[in-house]
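Step one of this worksheet: look at the structure below.
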Amino acid sequence: MTTTNAAAAALVGPGVDRVDGRLKVTGAARYPSDFTLPEMAYSALVRSTIAAGTIARIDTARAAAAPGVLAVITHDNAGRLHKAKWNLAYPPPPPPLQDAKITYNGQYVAMVVAETRQQAAAAARLVEVTYDRDEPVLSIEDPAARPKSNPYFLDMKRGNVKTAMAAAEVTVEGTFTTSAQTHNPIGPFTTVASWDRDTLTVYDSTQNPFLVRAVLAASFGLGEEKVRVLSPFVGGGFGAGLRSWPHSILAALAARTVNRPVQLSLTRPEMFTGIGRRPSTLQHLKIASARDGTLVAIEHEGTSTASMHSDSLYPITVGTIVSYACPNVTARDKRVRLNIPPIAHMRAPALAEGNFAVESLLDELSYELGMDPIELRLRNYAAVHPQTGLPWSSRALRECYKTGAERFGWAQREPAVRTMRDGRWLVGYGMAGVTFIQNHAKGQARATIRRDGTARVCSGATDIGTGTYTVMTQLAAEVLGLQADRIEFELGDTRLPWAPEAGGSGLTAALGSAVHNTCVALVKRVLGLVSDDPDSPLHGCAIEDVVASDGRLARSDDDSRGESYAEILQRHVLDSLTVDGDSAKPRGSTGVLVGSLAVSRLGRFGHKLIGASHATIPASAFGARFAEVRVDPELGVLRIARIVSVTDGGRIINQKLARSQLIGGTVGGIGMAMFEETVTDPGTGRVANATLSDYLVAVNADVPDIDVAFVGEPDPSNPIGAKGIGEVGLVGVAAAIANAVYHATGRRIRSLPITISQLL
Ligand code: MOS
């Protein structure tokens, strides 16, 4: 069967609007906080004001007597909650309100349930907690935080770095730091929980509904079939919704306690302690090369901060091993435990930080060698996967550099620092290369064709604003040969077929492949009805022999001969036909191939070692970022003049949505480079800037013209040809900006965010 008929060509590609756009702009899309159930009560949380120690006493009498209060729950009366099953990628935090121990400022110590949100919040302020305070460990440099024996959770190498380093003609090295950041999706994370005997239903802000289901079931000792998680719309996530969080459990606990539905919606300050953060990091990096720019050795060590509990691993150096054709590489990662809130993956976790160090130091090397930065990268181009020598599934990084340089006007760059000016402003050009590891998760879908010629396709995934509804509708329409408005795509419900998390830039490829395969199977089922029917024009046709378009299957050798889905179902007296399907076993590898084994995306997808038989084709998205900056040499003010972002994202299924993803990623990258920093008070461990007025994100005035372009070909590692593009756009932006700052000023910034004081 051809899947590139005219109708489908119009569907997949440039001009498709979001299928849920109207619902969103009219306010009809229902986010978790929009669900109001009869008799619903509200929870408010009380958080610890110390970072380490124990609760000496909690006095709840005044809170309990306040107007509208239905219950006050603390570790004294919460009852036992069970620990959820271990999950390496997304470890469940310990169940809340189980003991008096405090390990971070902001930890939940009590919950008030009341008739209204305002009453709950007012009463929560009346809970009096006294603490026995211990000295918290809050700094990445604190010797108390250092891991004891064999600290490395990631330790990869090839060749012999020591020998190569010692013999090298040129070496550069540096220490790099990046700040903690908070995700800050616009939608406040909310759980609405209701019980019907021993059956629990929740509406939850999550990127990972099947994980939330598993954790809630475990917490209350229920079978997973007793828990239903719904997330039809999620107001953004950026990774904050990949793990499960204590507030979801608390909402269910509150609902069980008062025997009514309960809504628990986090306040903005609570979002800074309750749903993870990007950890602060410290990196040491050393790069050695020959005089002609050929890399001979890279030594990279990363340290990330973690909470006192099981957090997701954060392998900062994981991208270093695969980015360049360098024969000798070591990449190691460890973490230090602090009295801070849990960490979580945040858009391009670890890879963004690692890329900042590597691409900054390569820039430094280019000046050391007197070589153009792009030329240096091309000199060390990893034409094959450098760790295994296997060919990439597809790779258009060269085109990223070329297209980016042309669109940006890189040729106009004066190589020497502090030579380009615009009036009082120093002007700088900088660039960075990007290799972004691909995740190939599995997913399931269900497709139904109905007698009226419409179809319903579904899967329990979430759409966190990235466009899952739209893209899945397009992919189904393409295979089934239906107009998009004839297809209803449903998601966000754990009663639907299983789907992986909306994360790791992996959902489009995983679920898209499942939707594609399921729709192919559905067409085959329909053909199965008629292929042995001598009266059907499709008699004898296999799927290869037909074209689907306009709700009709026709012979590809003569498209006047065919019949519609409606006609076929009618003749067979069927109201509908349904098939279930899934994404095929990954043909490509998911991660970093090490020897004969592949380590999948560490930390986030587990250190699960995938056997070589599953993983023989390394797959990755690639990119090149170019930035022009202006620096006021007297005031230290940094402005971004423009950014060019070119990406090999495989087949782009929806230009409009893909471009939005890249713009969003770029804005996140500008935030990382210049603004975002979750500040911890060094005495109390409290987040000192837990509001959107104090925590700076890039706003319109900070964001210049962003020129987004895509290069590359459909990737053969999955049936829809896609590579993930949800995160890659953020990667490389900070390095391109820092490199441009160096070019403008001659000042090398190795610490993010770049502040005015660093430029004075
Ligand atoms: Mo992203 S950190 O995989 O939501």
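Residue numbers are given in this note's numbering: position 345 of the sequence shown equals residue 341, and the series is strictly consecutive. Ideal placement from N, C-alpha and C gives every residue a C-beta, glycine not left out. All figures in this text were calculated on a predicted structure; none of them were measured in a lab.
Using 8 Å for Cβ pairs, my map puts residue i next to residue j. What's the rounded Cβ distance?
i      : j      : result
LEU492 : SER455 : 6 Å
SER303 : ARG333 : 7 Å
LEU93  : TYR104 : 6 Å
THR762 : VAL727 : What is shown of the chain runs -3 to 756, which leaves residue 762 out entirely.
ILE445 : LEU361 : Actually they do not touch by this definition, with Cβ atoms about 58 Å apart.
GLY725 : THR674 : That belief does not hold up - the Cβ atoms of GLY725 and THR674 are roughly 22 Å apart, past 8 Å.
PRO712 : HIS512 : Between HIS512 and PRO712 the Cβ distance is about 14 Å, and since that is not below 8 Å, they are no contact.
Is it the case that the Cβ atoms of residue i and residue j are separated by a distance below 9 Å?
i      : j      : result
SER39  : VAL258 : yes
ILE433 : GLY233 : no
ALA669 : ILE721 : no
ALA106 : PRO91  : no
CYS396 : PHE618 : yes
ALA174 : VAL430 : According to the sequence shown, residue 174 is Thr rather than Ala. Contact: no.
ILE339 : PRO275 : yes
ILE54  : VAL108 : no
HIS179 : ARG409 : no
LEU246 : PHE216 : no
ALA344 : THR504 : no
MET267 : PRO184 : yes
VAL575 : LEU518 : yes
GLY508 : ILE294 : no
PRO700 : ARG638 : yes
Given this structure, state the Cα-to-Cα distance separating residue i from residue j, to the nearest angstrom.
i      : j      : result
GLU169 : GLU484 : 55 Å
ALA437 : ALA580 : 10 Å
ALA732 : LYS398 : 16 Å
ALA594 : LEU150 : At ALA594, the pLDDT of 36 sits below 50, so the modelled position is not reliable; the number obtained from the coordinates is stated separately. Near 13 Å, if we compare the C-alpha coordinates of LEU150 and ALA594.
THR469 : SER656 : 18 Å
PRO147 : ALA176 : 21 Å
VAL633 : ILE752 : 6 Å
ASN83  : ARG14  : 34 Å
VAL211 : VAL223 : 10 Å
LYS158 : THR326 : 10 Å
GLY591 : VAL380 : With a pLDDT of 31 at GLY591, under the threshold of 50, the predicted position of this residue should be treated as unreliable, though the coordinate-derived value follows. Answer to the nearest angstrom: the Cα atoms are 14 Å apart.
ASN351 : LEU372 : 16 Å
PRO629 : ASP698 : 18 Å
ASP128 : HIS71  : 16 Å
HIS568 : HIS535 : 15 Å
VAL225 : GLY366 : 57 Å
ALA498 : ALA457 : 7 Å
GLU709 : GLY502 : 18 Å
GLY558 : LEU238 : 46 Å
ILE745 : GLU221 : 53 Å
TRP191 : ALA392 : 52 Å
ARG621 : LEU658 : 11 Å
GLU355 : TYR320 : 11 Å
THR450 : THR514 : 16 Å
VAL198 : GLU35  : 15 Å
GLU131 : ALA47  : 8 Å
ILE98  : LEU41  : 15 Å
ASN735 : CYS537 : 59 Å
PRO496 : LYS144 : 35 Å
SER532 : VAL526 : 6 Å
ASP359 : ARG26  : 47 Å
TYR86  : ALA248 : 20 Å
From this set, the options, which residue's C-alpha is nearest residue i's C-alpha?
i      : options                           : result
SER641 : ILE750, ALA60 and ARG403          : ARG403
GLU111 : ARG551, SER201, THR126 and ASN255 : ASN255
THR680 : SER244, ASN101 and ALA96          : ASN101
LEU653 : VAL575, TYR691 and GLY463         : GLY463
ILE312 : HIS179, ALA321, ALA348 and ALA286 : ALA348
ASP553 : VAL543, TYR738 and ALA562         : VAL543
VAL627 : PRO700, VAL423 and SER389         : VAL423
ALA141 : HIS243, ALA472, GLY155 and THR299 : THR299
ALA37  : ALA60, LEU19, TYR27 and GLY64     : GLY64
ALA623 : MET427, ALA162, GLN479 and LEU570 : MET427
ARG287 : ARG375, ARG442, ALA247 and LYS719 : ARG375
ARG328 : TYR310, GLU165 and LEU249         : TYR310
LYS20  : THR32, PHE229, SER145 and VAL695  : PHE229
ARG252 : PHE206, ALA189, ASN204 and GLN203 : ALA189
GLY89  : ARG43, PRO337, VAL42 and SER201   : Here the sequence assigns Pro to residue 89, which means Gly is not the residue at that position. Closest by alpha carbon: PRO337.
VAL318 : LEU358, THR290 and THR384         : THR384
THR301 : ILE136, ALA550, TRP421 and GLY405 : ILE136
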